[in-house]
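Here the structure is laid out as structure tokens; the discussion comes afterwards.
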Amino acid sequence: GARPLRLTEAGATVLRHGRDVLAGFVAMESALAELHGLTAGRVRIVAFTSAIATFLPPAVAELGRRHPGLVVDLAVAEPAEAIAALRAGAADLAVLHRTAPPDADEGLRRRFLRSDPLRLVAPDGHPLARPGRPVPLADLAGVPLVAPRRDRPARAHRALVEDLLASAGVSPEIAYEVDDLPAAQALARAGLAAALMHELTIPPDRAGLAVLPLADAGAGARAVEAATLAGRRWPAADAMLALLRDLAPDG
Numbered sequence: 003g004a005r006p007l008r009l010t011e012a013g014a015t016v017l018r019h020g021r022d023v024l025a026g027f028v029a030m031e032s033a034l035a036e037l038h039g040l041t042a043g044r045v046r047i048v049a050f051t052s053a054i055a056t057f058l059p060p061a062v063a064e065l066g067r068r069h070p071g072l073v074v075d076l077a078v079a080e081p082a083e084a085i086a087a088l089r090a091g092a093a094d095l096a097v098l099h100r101t102a103p104p105d106a107d108e109g110l111r112r113r114f115l116r117s118d119p120l121r122l123v124a125p126d127g128h129p130l131a132r133p134g135r136p137v138p139l140a141d142l143a144g145v146p147l148v149a150p151r152r153d154r155p156a157r158a159h160r161a162l163v164e165d166l167l168a169s170a171g172v173s174p175e176i177a178y179e180v181d182d183l184p185a186a187q188a189l190a191r192a193g194l195a196a197a198l199m200h201e202l203t204i205p206p207d208r209a210g211l212a213v214l215p216l217a218d219a220g221a222g223a224r225a226v227e228a229a230t231l232a233g234r235r236w237p238a239a240d241a242m243l244a245l246l247r248d249l250a251p252d253g
């Protein structure tokens, strides 16, 4: 039905029984996985882009070395898409980030991996780049910034930046609207703007950039987590989770 969108009576019936059918398949799959252990099979992992660009590949490589019979599928998915993949049975393990507490009844088992703090990325020699002095958000008043557009997938980060600055009494001066992270960092290198970025999104090569901590402890930090479907046991996913705990050092 529509206006407002709602399930029909038939749709509600299908949903109720469909959940039971899916739970049965998950239980069967888990039991077979327990029989085979880690000698064979496939583990499907979905993760956000900067996790794949940093700590996740070494963990996948190590899993392959320890268990050469496993096939690992790895795909990019932002948190909402990753959670949908877990619930649909299209993924076994998701690496997520969040800045707010999850829903209590979401049906996932989450394991904290690390914190991903927010940093100010500015050109070398920027007036705010003072050794040993974290940057108060209030000091960003009047500083030209680069941020994602409001109508793009990264709009949540734009909202986070605006909300943080508003809480510090700052009206952000968004000089450039750029969704691509390397492009935003290039603008900072050129001395055109600064940006608020999470640590994992900043490249190892930081030549020409000043990466500065914020004085507001924990402001805008993301929790990076691994998630599986609640009630499902999957040895390969558990082995991957153990490796991630070792290879995702806290930021």
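Residue 3 is where the sequence shown starts when you use our numbering, and the numbers rise one by one after that. All C-beta atoms, glycine included, are put in the ideal place defined by N, C-alpha and C. Just so it is clear, the structure is predicted and the values come from calculations on it, not from any experiment.
Give me the residue from H128, P81, L216 with the minimum Cα distance to T101. One-based indexing of the sequence shown puts residue 101 at position 99. Nearest C-alpha to T101: P81.
For the beta strand (DSSP E) that S117 lies in, which residues bound it at each end? Residue 117 sits at position 115 when you count from the first residue of the sequence shown. That run of the beta strand (DSSP E) goes 110 to 118.
If you count every other CB in all the chains shown that lies within 10 Å of the CB of T203, and 16 or more means buried, which is it? Locating residue 203 in the sequence shown gives position 201, counting from the first residue. Result: buried.
How many Å lie between V97 and T56 at the Cα? Translated into the one-based positions of the sequence shown, residue 97 becomes position 95. Translated into the one-based positions of the sequence shown, residue 56 becomes position 54. If you take the alpha carbons of V97 and T56, they lie about 12 Å apart.
Three-state class that DSSP yields for A79 in the structure shown: For the purposes of this step, residue 79 is taken as residue 77 along the sequence shown, with counting starting at 1. Coil, per DSSP.
Less than 8 Å between the C-beta atoms of G210 and P125, yes or no? As a working mapping, residue 210 is identified with position 208 in the sequence shown. As a working mapping, residue 125 is identified with position 123 in the sequence shown. The answer is yes: Cβ separation under 8 Å.
Can you tell me whether E227 is buried or exposed, with buried defined as 16 or more other CB within 10 angstroms of its CB? One-based indexing of the sequence shown puts residue 227 at position 225. Burial call: buried.
Exposed or buried, which one is D118 when buried takes at least 16 other CB atoms within 10 Å? One-based indexing of the sequence shown puts residue 118 at position 116. Buried, by the Cβ-count rule.
Would G222 and L162 qualify as a contact pair, given that the criterion is a beta-carbon distance under 8 Å? Along the sequence shown, read from residue 1 onward, the residue named residue 222 stands at position 220. Along the sequence shown, read from residue 1 onward, the residue named residue 162 stands at position 160. Yes, these two residues count as a Cβ contact at 8 Å.
The alpha helix (DSSP H) that contains I54, what's its start and end? The residue you call residue 54 lines up with position 52 of the sequence shown. Start and end: 51 to 54.
Run the CB neighbour count on F114, radius 10 Å, all protein chains shown included, and call it buried at 16 or more, exposed below. On the sequence shown, position 112 is the one that residue 114 refers to. Result: exposed.
In its own chain, which residues sit with a C-beta less than 7 Å from the C-beta of E164, not counting the 5 before and 5 after it? Here the question's residue 164 lines up with position 162 in the sequence shown. Counting only Cβ-Cβ distances below 7 Å, and skipping sequence neighbours, we find P174.
Taking the alpha-carbon positions, what's the L231 to A49 distance? In the sequence shown, residue 231 corresponds to position 229, counting from 1. In the sequence shown, residue 49 corresponds to position 47, counting from 1. The straight-line gap from Cα to Cα measures roughly 15 Å.
DSSP state of P237, grouped into three classes? Here residue 237 refers to the residue found at position 235 when the sequence shown is read from its first residue. In this structure, DSSP gives P237 a helical state, which the three-state scheme calls helix.
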